[in-house]
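In short: position in the sequence shown from 1, add 103, done, that's our numbering. All residues carry an ideal CB built from backbone N, CA and C; glycine is no exception. Predicted, not measured: the structure shown is a model, and the values here were computed from it. Here the structure comes first, spelled out in structure tokens, and everything after it is commentary.
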Amino acid sequence: MVDPPPPLASLYSRLSRRLQRMTERFHFVAGGARTGGEEENKKEREEEEEEEEEEEETRRKDAEDDAQHARLFRRI
104 MVDPPPPLAS LYSRLSRRLQ RMTERFHFVA GGARTGGEEE NKKEREEEEE EEEEEEETRR
164 KDAEDDAQHA RLFRRI
């Protein structure tokens with residue numbers, strides 16, 4: 104498979120991570136509550152928060168890159 108362009112690669116990686124989390128959550132719920140589930144839920148929430156922060160950082164960097172490209176193209 105051909106590598107997608109950078110913006111699509113970023114979107115693909117975010118979607119694949121989200122799908123992975125949803126799959127893990129489904130298997131956890133389908134398997135029933137286990138002991139220590141509260142710790143796992145806390146860990147999962149922390150991981151989601153970290154990923155959301157990473158996604159926000161990626162969006163910010165993408166916006167900065169887009170703005171920089173726009174400035175460069177205006178000069179040309």
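If you measure between the beta carbons of residue i and residue j, is that distance less than 8 Å?
i    : j    : result
R128 : E154 : no
D165 : S116 : no
E151 : R177 : no
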